[in-house]
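Input: a single structure, listed below in structure tokens.
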Amino acid sequence: MSLIEVTDLRRTFTVRRRAEGSRRKQRTEVVAVQDLTFGIDAGEMVGYIGPNGAGKSTTIKMLTGILVPTSGRISVAGVDPSRNRTTLARRIGVVFGQRTSLWWDLPLRDSFDLLQKIYRTDPARHRTNLAEFLELLDLGELLDTPVRQLSLGQRMRGDIAAALLHDPEILYLDEPTIGLDVVSKGRLREFLRALNRERGTTLMLTTHDLQDIEALCRRVIVIDHGTQVYDGTLAGLHERGGSHRTVVVDLVDEAPPISVAGAVTRRVEGPRQWLSLPAGASAAPVVAALAASYDVADLSIQEPDIEDVIRELYSRAPSG
Amino acid sequence: MVDYGRIASLWVRASMAYPASFWMMAVGSFLMTGLDFVAIWVLLRNVDDLGGFSLTEIGFLYGATGLGIAFADLFVGRVDRLGQMIRTGRLDTMMTKPVPLLVQVCADEFALRRFARVLQSSIVFVWASTYVDWSLPRALVAAEMVVSGSLIFFSLFVALACVQFWTADSSEVANAFTYGGNQVTQFPMSVFPSEIVKALTFVLPIAFVNWYPSLYILGRDDPFGLPRALQFASPVAAALFLGVAALAWRTGVRHYRSTGS
Numbered sequence: 001m002s003l004i005e006v007t008d009l010r011r012t013f014t015v016r017r018r019a020e021g022s023r024r025k026q027r028t029e030v031v032a033v034q035d036l037t038f039g040i041d042a043g044e045m046v047g048y049i050g051p052n053g054a055g056k057s058t059t060i061k062m063l064t065g066i067l068v069p070t071s072g073r074i075s076v077a078g079v080d081p082s083r084n085r086t087t088l089a090r091r092i093g094v095v096f097g098q099r100t101s102l103w104w105d106l107p108l109r110d111s112f113d114l115l116q117k118i119y120r121t122d123p124a125r126h127r128t129n130l131a132e133f134l135e136l137l138d139l140g141e142l143l144d145t146p147v148r149q150l151s152l153g154q155r156m157r158g159d160i161a162a163a164l165l166h167d168p169e170i171l172y173l174d175e176p177t178i179g180l181d182v183v184s185k186g187r188l189r190e191f192l193r194a195l196n197r198e199r200g201t202t203l204m205l206t207t208h209d210l211q212d213i214e215a216l217c218r219r220v221i222v223i224d225h226g227t228q229v230y231d232g233t234l235a236g237l238h239e240r241g242g243s244h245r246t247v248v249v250d251l252v253d254e255a256p257p258i259s260v261a262g263a264v265t266r267r268v269e270g271p272r273q274w275l276s277l278p279a280g281a282s283a284a285p286v287v288a289a290l291a292a293s294y295d296v297a298d299l300s301i302q303e304p305d306i307e308d309v310i311r312e313l314y315s316r317a318p319s320g
Numbered sequence: 001m002v003d004y005g006r007i008a009s010l011w012v013r014a015s016m017a018y019p020a021s022f023w024m025m026a027v028g029s030f031l032m033t034g035l036d037f038v039a040i041w042v043l044l045r046n047v048d049d050l051g052g053f054s055l056t057e058i059g060f061l062y063g064a065t066g067l068g069i070a071f072a073d074l075f076v077g078r079v080d081r082l083g084q085m086i087r088t089g090r091l092d093t094m095m096t097k098p099v100p101l102l103v104q105v106c107a108d109e110f111a112l113r114r115f116a117r118v119l120q121s122s123i124v125f126v127w128a129s130t131y132v133d134w135s136l137p138r139a140l141v142a143a144e145m146v147v148s149g150s151l152i153f154f155s156l157f158v159a160l161a162c163v164q165f166w167t168a169d170s171s172e173v174a175n176a177f178t179y180g181g182n183q184v185t186q187f188p189m190s191v192f193p194s195e196i197v198k199a200l201t202f203v204l205p206i207a208f209v210n211w212y213p214s215l216y217i218l219g220r221d222d223p224f225g226l227p228r229a230l231q232f233a234s235p236v237a238a239a240l241f242l243g244v245a246a247l248a249w250r251t252g253v254r255h256y257r258s259t260g261s
């Protein structure tokens with residue numbers, strides 16, 4: 001049995017809307033997620049992706065017990081989250097990128113102390129964890145700063161430390177890199193990779209940033225309009241979505257469309273040409289072949305965008 | 001309970017970081033509630049009694065209901081901020097912590113200055129008590145009255161806040177029942193028509209906060225001739241209130257819809 005098991009999960013919301021031409025409000029059912037079925041094993045790192053409003057957060061909220069499913073079954077670490085929310089809380093960590101679970105007006109140190117008490121974490125264990133996370137997340141000097149004075153990146157690191165101090169088996173991250181700069185994103189990914197490798201923590205993250213997934217997750221689950229449209233490897237997603245990487249080549253002189261093995265020329269505009277190759281493929285042989293046969297002035301590689309990948313996938317999906 | 005204390009003490013320590021502000025708020029709050037009773041005192045300087053009850057007897061009723069709402073307000077008053085916690089997503093983060101949600105909601109931003117209300121009511125209650133002809137059974141009923149009264153207001157706070165699981169904000173309606181309930185019970189029920197007293201006994205039984213047990217303690221006959229058993233029924237009323245509040249809270253949490261993101 002998997003650590004997280006989801007079967008035929010469905011959640012609807014009743015919305016009261018004023019119908020056109022009528023003054024009375026009518027109740028309508030809006031489906032947030034439906035027919036979700038997947039399992040996540042201990043130690044996996046899974047990316048849960050989809051466009052805005054696809055139902056990502058709704059799913060995370062059901063997995064953590066915040067929302068009660070309309071129908072279907074969830075089992076996390078052997079229990080039903082919404083019925084055993086407070087018991088399960090000790091075994092999971094949750095980070096919402098858009099909000100903080102720290103105490104806004106209090107210094108980080110006080111938040112961490114209080115967490116040790118309410119989670120009943122062994123004090124020695126708490127101290128070792130805290131020392132380690134302060135070091136890895138570079139929080140040492142911020143301990144006495146009230147949370148409201150922290151920058152977004154600092155606050156996010158504080159939130160991640162807070163979610164991990166009680167040694168959770170599972171860490172849910174809802175948009176953890178949203179709004180962070182490139183350096184912070186890189187360090188955060190490095191930290192999460194190490195966490196998974198060294199502690200075996202199971203990670204499930206929702207994100208908009210394909211690079212998060214590339215850096216962290218072997219497996220992705222794609223959700224769109226509340227329905228699961230893909231579950232598999234990232235390479236497989238690119239393949240199925242038909243997404244591609246683009247090599248932009250600036251030649252010294254104008255030339256007819258380039259022909260090299262492993263890539264197709266899509267567009268020519270003066271000396272600049274756009275070549276595309278499958279997303280899973282390496283660009284190195286293409287670049288080497290280009291350099292060998294053409295006078296290349298400059299060259300860059302564009303990675304596929306997550307929205308594009310999903311749009312492609314969605315338009316190709318058999319029944320939508 | 002332990003967790004409530006831990007969260008609350010953290011907030012007390014935080015508020016003590018600004019001692020001047022703390023004391024000004026505390027004194028202000030003490031004076032505000034104190035003026036309440038001064039108004040009744042001035043009224044009774046000019047008339048001998050109100051609904052057949054003397055100033056000290058009214059002081060006893062006033063102190064008893066005051067203690068009830070003061071304790072409830074001190075410990076669970078924060079629950080009326082539930083709508084705001086829902087809107088800001090703070091409730092979501094609380095739900096991922098291993099402490100019962102109600103405990104976290106009520107202990108959030110715990111403010112010790114609310115103790116001023118307890119202090120003010122205690123002073124009036126103790127003063128009025130010196131005029132009571134005490135016996136052991138009367139003392140027991142008095143203790144049971146303060147506990148039951150607190151629990152009744154506690155339940156009112158919680159049950160009414162649950163409405164905010166469905167509507168964005170309804171704290172004004174809630175205040176009408178909680179603080180309104182407190183003000184109604186500051187006077188002897190004998191000033192009201194019997195229909196109202198019956199409603200406050202059988203429909204929304206807040207007369208049990210102070211009126212019925214006080215009749216026994218003060219050795220007074222019920223002006224409406226209602227059964228004497230009611231004078232000992234405050235714990236039953238409190239239990240009913242608690243049951244309704246617990247049911248409302250559980251239903252609210254299970255129907256919680258969270259916010260968009």
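Which chain is which? The protein sequence lines are Y and V, in order. Residue numbers for the first sequence follow full-length UniProt numbering, so the first one is 1 and each next one is one higher. Residue numbers for the second sequence follow full-length UniProt numbering, so the first one is 1 and each next one is one higher. Ideal placement from N, C-alpha and C gives every residue a C-beta, glycine not left out.
Same chain only: Cβ atoms within 8 Å of residue i, ignoring 5 sequence neighbours per side
i, result
"Y/Y294", "V249, L251, A255 and I258"
"Y/I221", "F38, V46, G47, Y48, I49, Q228, Y230 and D231"
"Y/R125", "D167"
"Y/K56", "Y48, I49, G50, D174, T206 and I223"
Spatial neighbours of residue i in its chain, beta-carbon cut-off 7 Å, leaving aside the 5 residues before and after
i, result
"Y/R85", "G65"
"Y/T177", "K185, L188, T207, D209 and D212"
"Y/S2", "G39, I40 and D41"
"V/F177", "L156 and L160"
"Y/L150", "L142 and G158"
"V/V76", "C106, F154, F157 and V158"
Distance between residue j and residue i (C-alpha atoms, nearest Å)
i, j, result
"Y/K117", "V/D3", "8 Å"
"V/R113", "Y/E44", "49 Å"
"V/G83", "V/I7", "20 Å"
"Y/S319", "Y/L313", "Model confidence at Y/S319 stands at a pLDDT of 43, short of 50, so the residue's coordinates are unreliable; what they give is reported in the following sentence. Spanning the two alpha carbons is a distance of roughly 11 Å."
"Y/V260", "Y/L290", "7 Å"
"Y/T128", "V/V105", "30 Å"
"Y/D144", "Y/R109", "6 Å"
"Y/P107", "V/L67", "34 Å"
"V/A246", "V/L119", "29 Å"
"V/E144", "V/L35", "27 Å"
"V/H255", "Y/I92", "23 Å"
"V/T56", "V/V42", "13 Å"
"Y/P278", "Y/R245", "6 Å"
"Y/Y172", "Y/V94", "5 Å"
"Y/A297", "Y/E214", "29 Å"
"V/S155", "V/L242", "5 Å"
"Y/L142", "Y/V6", "39 Å"
"Y/E29", "V/L215", "54 Å"
Residue environment, residue i, which counts as buried when at least 16 other CB atoms sit within 10 Å
i, result
"V/F202", "exposed"
"V/L174", "According to the sequence displayed, residue 174 of chain V carries Ala and not Leu. V/A174 is buried by the Cβ-count criterion."
"V/Y131", "exposed"
"Y/Q26", "exposed"
"V/P19", "exposed"
"Y/L210", "buried"
"V/I196", "exposed"
"V/T33", "buried"
"Y/S101", "buried"
"V/M94", "buried"
"Y/I301", "exposed"
Spatial neighbours of residue i in its chain, beta-carbon cut-off 6 Å, leaving aside the 5 residues before and after
i, result
"V/N182", "T65 and I69"
"V/M25", "R113"
"V/D108", "R78"
"Y/P69", "L9, R11 and M62"
"V/S150", "G68, F71 and A72"
"Y/P304", "S243 and A279"
"Y/L67", "K61"
Inter-residue CB distance, residue i and residue j (contact presumed, cutoff 8 Å)
i, j, result
"Y/V309", "Y/H238", "7 Å"
"V/S122", "V/A238", "Rounded, the Cβ-Cβ distance is 20 Å, inconsistent with contact."
"V/V79", "V/V158", "6 Å"
"V/V191", "V/G51", "4 Å"
Residue i CB to nearest heavy atom of the ligand MN below 8 Å
i, result
"V/V103", "The ligand MN is not part of this structure, which contains no ligands at all."
Task: the segment 217–229 of chain V: positions lying closer than 7 Å to chain Y by Cβ - done: Of all residues in the segment 217–229 of chain V, none comes within less than 7 Å of chain Y when Cβ atoms are compared.
TODO: Could you run through the segment 11–25 of chain V and flag, in chain order, every residue whose CB is less than 7 Å away from some CB of chain Y?
DONE: For the segment 11–25 of chain V, which is checked against every Cβ of chain Y, the residues closer than 7 Å are A14.
TODO: For the segment 83–109 of chain V, enumerate the residues whose C-beta is nearer than 9 Å to any C-beta of chain Y, in chain order.
DONE: Listed by position along the chain: T88, G89, R90, L91, D92, T93, M94, M95, T96, K97, P98, V99, P100, L101, Q104, D108 and E109.
Task: chain Y contacts from the segment 246–258 of chain V (Cβ-Cβ distance under 9 Å) - done: Residues V253, R254, H255, Y256, R257 and S258.
Open item on the list: Give me the subset of the segment 115–136 of chain Y whose CB atoms are less than 9 Å from a CB atom of chain V, sorted by chain position.
Closed with: Within the segment 115–136 of chain Y, L115, K117, I118, Y119 and R120 place their CB atoms closer than 9 Å to a CB of chain V, listed in sequence order.
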